[in-house]
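Q:
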Amino acid sequence: MVQILIFLQQLIASGTHIVAKGITHDIEPALILLFRSAMAALFYILWLSFQRQSVKKIEKKDLYKILLLGALNIPLNQFLFLQGMKYTTAPNMALAYALTPAFVLLIAVIFYKEKTSNQKLFGVGIAILGAIVVLLERGIVFTNESLLGDFLALAASLSWALYTIIGRSFSIKYGAIYSTGLAMTTGFLLYIPVFLLMPVSFQIDTITTVNWLQLIYLGVITSGIGYAIWYYALTKTEASKVAVFNNLQPVMTTILSIIFLGTFLTPFFVIGGIMIIVGVFITQRG
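Heads up, the sequence shown is in our numbering, so the first residue is 65 and it goes up one at a time.
Structure (structure tokens):
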């Protein structure tokens with residue numbers, strides 16, 4: 065059941081790459097994130113107002129974690145993701161996020177003493193190699209123009225790994241929905257002063273209906289439902305076993321491109337997809 069939910073979360077995340085690349089052509093990333101984080105915060109506030117039994121008193125020793133998770137979530141991860149997507153390509157961004165399992169595994173082993181095994185390491189490695197094979201066909205580009213975007217993408221991936229590791233124990237203690245809601249709301253509040261310091265000018269009437277639908281997807285579907293599923297999965301299994309599913313994103317993104325953009329299957333996609341699935345399976349068994 066957990067694996068099915070993670071699969072759904074990865075499908076949502078894969079759609080995020082396509083939606084984000086499209087909307088960053090029309091709206092500044094800083095403004096996108098303001099609307100996205102506001103929608104996500106409102107989504108969780110409404111959800112928790114109807115699920116009051118999910119609201120728990122936060123112990124004083126855990127208050128700093130709320131601030132940390134909020135900062136990692138929106139002012140760092142989501143901001144870096146949208147800024148990076150503006151400058152780099154979707155395949156480059158997907159490659160950066162394909163490295164998230166490696167970041168998670170390293171952090172978990174070094175700082176949290178999470179047990180690992182050669183089988184788990186091998187599985188993560190195979191899955192990452194499979195993602196690279198898929199992305200090579202999609203066209204990874206490393207040029208001076210996209211170099212800034214590539215660094216921002218890697219920073220976004222690292223911040224997501226930290227968010228995953230730090231949030232796991234917090235979500236186990238306080239529940240996935242409540243934890244994600246606190247992270248989203250706190251992140252939104254932390255982002256407001258950051259946004260006000262940016263030279264962003266806009267007119268609300270220039271945002272099209274398609275743009276609003278894209279914002280709803282990013283704010284409610286991705287940051288709302290997708291993030292909640294992620295934290296729920298973390299309450300059920302090890303962080304490294306959850307994070308390895310990130311390697312499915314290049315495959316799912318390609319499938320979505322085939323469905324909606326008319327692209328075709330290639331030998332690279334088939335070989336890389338099989339490697340990713342095998343890698344995920346090995347890691348889950350490790």
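Every residue, glycine too, gets a C-beta built ideally from N, C-alpha and C. Predicted model only: the values in this text are computed from it and were never measured.
Select from Gly213, Thr250, Gly189, Met262 the residue whose C-alpha is nearest the C-alpha of Met339.
A: With distances taken between Cα atoms, Met339 lies closest to Gly189.
Q: Could you check whether Ile293 and Leu133 sit closer than 8 Å to each other, using their CB atoms as the reference points?
A: Result no, Cβ atoms of Leu133 and Ile293 do not sit closer than 8 Å.
Q: Can you tell me which of Gln67, His81, Ile70, Leu69 puts its alpha carbon nearest to the alpha carbon of Thr317?
A: Of Gln67, His81, Ile70, Leu69, the residue nearest in Cα terms is His81.
Q: On the DSSP letters alone, give me the boundaries of the alpha helix (DSSP H) that Leu127 sits inside.
A: Run containing Leu127: 127–135, per the alpha helix (DSSP H) assignment.
Q: Helix, strand or coil: how does DSSP classify Leu254 here?
A: Reduced to three states, the DSSP call for Leu254 is helix.
Q: Between the C-alpha atoms of Thr286 and Leu106, what's the straight-line distance to the nearest angstrom?
A: Thr286 and Leu106: Cα-Cα distance of roughly 14 Å.
Q: By alpha-carbon positions, which one of Ile322, Ser304, Ser235, Thr250 ends up nearest to Ala225?
A: Comparing Cα positions, the closest option is Ser304.
Q: Give me the Cβ distance between Ile138 and Gln278, rounded to the nearest whole Å; I'm assuming they're in contact under 8 Å.
A: That belief does not hold up - the Cβ atoms of Ile138 and Gln278 are roughly 18 Å apart, past 8 Å.
Q: Are three or more beta carbon pairs between the segment 94–109 and the segment 212–219 nearer than 8 Å?
A: No, the segment 94–109 does not touch the segment 212–219.
Q: Contact defined as beta carbons within less than 8 Å: I believe Ala84 pairs with Met149. What is the distance between those atoms, to the nearest angstrom?
A: Yes, Ala84 and Met149 are in contact; Cβ-Cβ is about 5 Å, under 8 Å.
Q: Pick out whichever of Leu140, Tyr238, Ile280 has its Cα sitting closest to the Cα of Lys121.
A: The residue with the shortest Cα to Cα distance from Lys121 is Tyr238.
Q: Return the residue from the list Pro331, Ile335, Ile319 that minimises the CA-CA distance to Gln74.
A: Considering only alpha carbons, the answer is Ile319.
Q: Give me the Cα-Cα distance between Gln183 and Tyr128, rounded to the nearest whole angstrom.
A: Rounded to whole angstroms, Gln183 to Tyr128 spans 35 Å at the Cα level.
Q: Might you give, ordered along the chain, the residues of its own chain that have their beta carbon closer than 7 Å to the beta carbon of Ile289, omitting 5 neighbours on each side?
A: Answer for Ile289: Ile76, listed in chain order.
Q: Can you tell me the Cα-Cα spacing of Asn159 and Ile109, whole angstroms?
A: Per the sequence presented here, residue 159 reads as Leu, with Asn not at that position. Near 33 Å, if we compare the C-alpha coordinates of Ile109 and Leu159.
Q: Which word fits Arg232, buried or exposed, when buried means at least 16 other C-beta atoms lie within 10 angstroms of its C-beta?
A: Burial call: buried.
Q: Does any residue of chain C have a CB that is nearer than 8 Å to the CB of Ala94?
A: Absence of chain C from the displayed structure is noted, only one protein chain being present.
Q: Specify, as a first and last residue, the run of the alpha helix (DSSP H) that Gln267 falls within.
A: Looking at the DSSP string, Gln267 is not in any alpha helix (DSSP H), and its letter there is neither H nor E.
Q: Cα-Cα, which of Leu246, Ile346, Phe332 is closest to Asp126?
A: Taking only the C-alpha atoms, the option nearest Asp126 is Leu246.
Q: In angstroms, rounded to a whole number, what distance separates the CA positions of Ser243 and Thr228?
A: Each residue's alpha carbon lies about 12 Å from the other.
Q: I believe Phe309 touches Ile70 by the beta-carbon criterion, under 8 Å. Please report the beta-carbon distance rounded to the nearest angstrom.
A: Contact flag correct, Cβ pair sits at about 5 Å.
Q: The alpha helix (DSSP H) spanning Gln73 covers which residue range?
A: Looking at the DSSP string, the run of the alpha helix (DSSP H) that includes Gln73 is 66–87.
Q: Taking the C-alpha atoms as reference points, what is the distance between Leu298 and Phe332?
A: Whole-angstrom Cα-Cα distance: 31 Å.
Q: For the putative contact between Gly336 and Ala195, defined by C-beta atoms under 8 Å, what is the C-beta separation to the nearest angstrom?
A: Confirmed, Cβ separation roughly 7 Å.
Q: If we count the other Cβ atoms within 10 Å of its Cβ and call it buried at 16 or more, is Tyr314 buried or exposed?
A: The sequence shown places Pro at residue 314, not Tyr. By the neighbour-count rule (16 or more Cβ atoms within 10 Å), Pro314 is buried.
Q: Expressed to the nearest angstrom, what Euclidean distance is found between the alpha-carbon atoms of Glu123 and Gly251?
A: Roughly 19 Å separates the two Cα atoms.
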